[in-house]
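*Asks:* Structure in structure tokens, see below.
Quick look at the structure:
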């Protein structure tokens, strides 16, 4: 089975749950802690272009989003989502998983099964 890359935040229960499922299945995993290793423009653009959801779904509309005074309507296109995530990587929804040419937002964690 091909290695799966997981863009992971260890503070996220769903993200930890995805890694647990993959490890239980013996799947080789390349873990990218994107808050420690912020993603560059090219990598973010590739994720946004390949993800199985609309670009806006990659943006967390959590308390931090509100603290920044952001409006969800302003972050719906690939370009605006990439620009936002470059400036505020913590607003990236997680976990994102990539296997070959398939990229998914693995929420809920059971969605990772689609890559196995």
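Residue numbers (my numbering): 572 to 687. Each residue gets a CB set at the ideal place from its N, CA and C atoms; glycine is no exception. From a predicted model like this one, the values you see are computed outputs, not experimental measurements.
Which same chain residues end up closer than 6 Å to residue 624 when comparing Cβ atoms and leaving out the 5 residues on each side of it in sequence?
*Replies:* The answer, listed in chain order, is 676.
*Asks:* So the beta strand (DSSP E) residue 604 belongs to, where does it begin and stop?
*Replies:* Residue 604 -> beta strand (DSSP E) spans 600–604.
*Asks:* Among 622, 650, 596, 598, which one has its Cα closest to the Cα of residue 664?
*Replies:* Taking only the C-alpha atoms, the option nearest residue 664 is 622.
*Asks:* Per DSSP, which one or two residues make a beta bridge with residue 675?
*Replies:* 668.
*Asks:* Can you find a CB in chain C that lies within less than 7 Å of the CB of residue 671?
*Replies:* Chain labels in this structure do not include chain C; a single protein chain is all it has.
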